[in-house]
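Position one of the sequence shown corresponds to residue 1 (UniProt numbering), numbered consecutively onward.
Idealized CB from N, CA, C, for every residue including glycine.
Remember, predicted model here, so these are calculated numbers, not experimental data.
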Amino acid sequence: MGYQKSCGSGIMFVSILILLLSSLNYMPCKAQLSTTFYDDTCPNALATIRTSITGAVSRENRMAASIIRLHFHDCFVQGCDASILLDDTPSEKTTGANSGVRGYEVIDAAKAAVESICPGVVSCADVLAVAARDASVAVDGPSWAVRLGRRDSTRAFPDLTGTDLPRGDQELGTLIQSFARKGLSEREMVALSGSHTIGQARCLTFRGRIYNNASNIDPIFAANLRANCPATGGDANLEPLDLVTPNSFDNNYFSNLAQRRGLLTSDQTLFNGGSADSIVQGYIDNPATFASDFAAAMVAMGDIDPLTGTAGVIRTVCNTAT
């Protein structure tokens, strides 16, 4: 009788243990990422990427914003899996939602540099994630420890770009919902929007805002923009997203919003009498808080649905599925 009881307890213990071990297969993918993932297999990977990205930004300062945006557009479509880099037919690159996205050749070059020292080890998705951090640092922005171990998708998802990517003409409520679907909070959304402290936007993306007599735009600011963005034509004409310090990563983007000088509708809606106003004001008052929040939000964004373990592949060349 005593043996049976002991045996039953043992069976119950083993059953529980099996269940616990089995549950590991269902842990969130982000739990499998690690900041030390390549320490043994490719210890010079991060330094090699940094050298490549720093050189690219030094040749063209605007490239810092382009690389950060490229990482964002990758993660918001089917997760951070480098699918945006593929030259599939059709590809994510050629969709309307990714029109104007650039920097592909910079990531290709960084990947090639890593391949030369560690063939087939470091994924394109991880190269892109590290490159975004290094691009921020290259323009005096914040740094963060990049979590690594992502693998690459074998296909692109062009149909999702129109539904999953936020747009520059969207209002606050829509943006909050868009980020929430990816597991990001309103505060993280505002912090990530602060990347618009660098970079430029095409006339096509802000024309509606400067010609519709909006009440939340400074009239002098609008008039100055109309000089370079006519009502028709000039779609590709560029304006900096931050007119004050367009080449430095700082908090002036948020100060611009307080003066109704947000370039895109999606910028100004962050400070327009809504729930994000207090977050913006906090970043105006404390630039260190913005820098810290931006770094944390970039880590959180990099955790969106990565492929890990045996899922996906390690692509040798980023624009092909091999």
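With DSSP collapsed to three states, give me the class of residue i.
i	result
LEU238	strand
ARG155	coil
ASP303	coil
SER165	The amino acid occupying residue 165 in the given sequence is Leu; Ser does not appear at that position. Coil.
SER23	Reliability fails at SER23, whose pLDDT of 40 lies under 50, so the model's placement of it is uncertain and no value is given.
VAL139	coil
LEU148	strand
VAL313	strand
THR174	helix
LYS30	Note that LYS30 scores 43 on pLDDT, short of 50, meaning its location in the model is unreliable; the coordinates nonetheless yield the value given after this. Looking at LYS30 - three-state DSSP - the assignment turns out to be helix.
GLY100	coil
GLN78	coil
GLY194	helix
What does a CB cutoff of less than 7 Å around residue i pick up in its chain, not counting 5 residues either side in sequence?
i	result
ALA110	ILE49, SER52, ILE53, VAL127 and ALA131
SER99	none
ASP88	ARG155 and ALA156
THR205	GLY168 and LEU264
ASN44	ILE117
THR245	ASN252
ALA56	MET63 and VAL106
Hey, quick one: how far does the beta strand (DSSP E) through residue i stretch, first residue to last?
i	result
ARG202	200-202
Count the other C-beta atoms from every protein chain shown that fall within 10 angstroms of the C-beta of residue i, then say buried if there are 16 or more, exposed otherwise.
i	result
GLU105	exposed
GLN259	exposed
ASP159	exposed
GLU92	buried
GLN78	buried
ARG261	buried
THR41	exposed
GLN268	buried
ILE68	buried
My assumption, with CB atoms under 8 Å, is that residue i sits in contact with residue j. Please give the rounded CB distance.
i	j	result
TYR253	ASP235	With 8 Å as the limit, TYR253 and ASP235 do not qualify as a contact, their Cβ atoms being about 23 Å apart.
GLY120	ILE314	6 Å
GLY312	CYS80	So it is not a contact: roughly 11 Å between Cβ atoms.
THR197	ASP164	Their Cβ separation, rounded to whole angstroms, is 24 Å, which puts THR197 and ASP164 out of contact at 8 Å.
LEU85	CYS124	6 Å
PHE294	ALA191	5 Å
THR308	GLN32	4 Å
ASN61	ASN247	5 Å
Residue range of the alpha helix (DSSP H) that residue i falls in?
i	result
LYS111	104-117
ILE53	45-59
PRO219	219-226
THR265	265-268
TYR38	Taken as a continuous stretch (DSSP letters only), TYR38 belongs to no alpha helix (DSSP H), as it is neither H nor E.
ASN256	252-258
ARG261	Run containing ARG261: none; DSSP gives neither H nor E here.
Can you find a heavy atom of the ligand SAH that lies under 7 Å from the Cβ of residue i?
i	result
ALA110	The model on display carries no ligand, and the ligand SAH is accordingly not part of it.
Identify, in the order they occur along the chain, each residue of the same chain with its Cβ nearer than 6 Å to the Cβ of residue i, setting aside the five sequence neighbours on each side.
i	result
CYS203	CYS229, GLY234, ASP235 and ASN237
PHE179	MET189
ALA113	THR48 and SER52
THR102	Note that residue 102 corresponds to Arg in the displayed sequence, not to Thr. SER66.
ALA297	GLU188, ALA191 and LEU192
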